[in-house]
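166 is the number of the first residue of the sequence shown in my numbering; add one for each residue after it.
Beneath this line is the structure, given in structure tokens, with notes to follow.
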Amino acid sequence: AIEGDIEKHRTIVSSVLSLGHYLLNEIDIRSRNINSIRRTIQSIEQRWTSLKDLIRKRKLE
Numbered sequence: 166a167i168e169g170d171i172e173k174h175r176t177i178v179s180s181v182l183s184l185g186h187y188l189l190n191e192i193d194i195r196s197r198n199i200n201s202i203r204r205t206i207q208s209i210e211q212r213w214t215s216l217k218d219l220i221r222k223r224k225l226e
């Protein structure tokens, strides 16, 4: 069930990460919120990677 949800939402997560990286490159937004955006994107990327790793490990058990 979780594996299916991850596959189903992979595009959404990728889109959110792409948007975050785009925002990091926008000069107007960058000057005001760069650290907050960067931390949020890094957190999403880390959590997404951890979740995929956890599911891969469970499949191997």
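All C-beta atoms in this analysis are idealised placements derived from N, C-alpha and C, irrespective of residue type, glycine included.
Here the structure is a predicted model, which is why all the values come from computation and not from measurement.
Practice task
Answer with buried or exposed for ILE177, where buried requires no fewer than 16 other C-beta atoms within 10 angstroms of its C-beta.
Solution key: exposed
Problem - Collapsed DSSP secondary structure at GLU191 in the structure displayed - result: coil
Problem - Residues of its chain near LEU182, where Cβ-Cβ distance is below 7 Å and the 5 sequence neighbours each way are ignored - result: ILE206, ILE209 and GLU210
Problem - For ILE202 and GLY185, believed in contact at Cβ under 8 Å, the rounded distance - result: Indeed they touch by this definition, with Cβ atoms about 6 Å apart.
Exercise for the section: Could you tell me the distance, in whole angstroms, from the CA atom of LYS173 to the CA atom of LYS224? Expected result: Straight-line Cα distance between these residues: approximately 18 Å.
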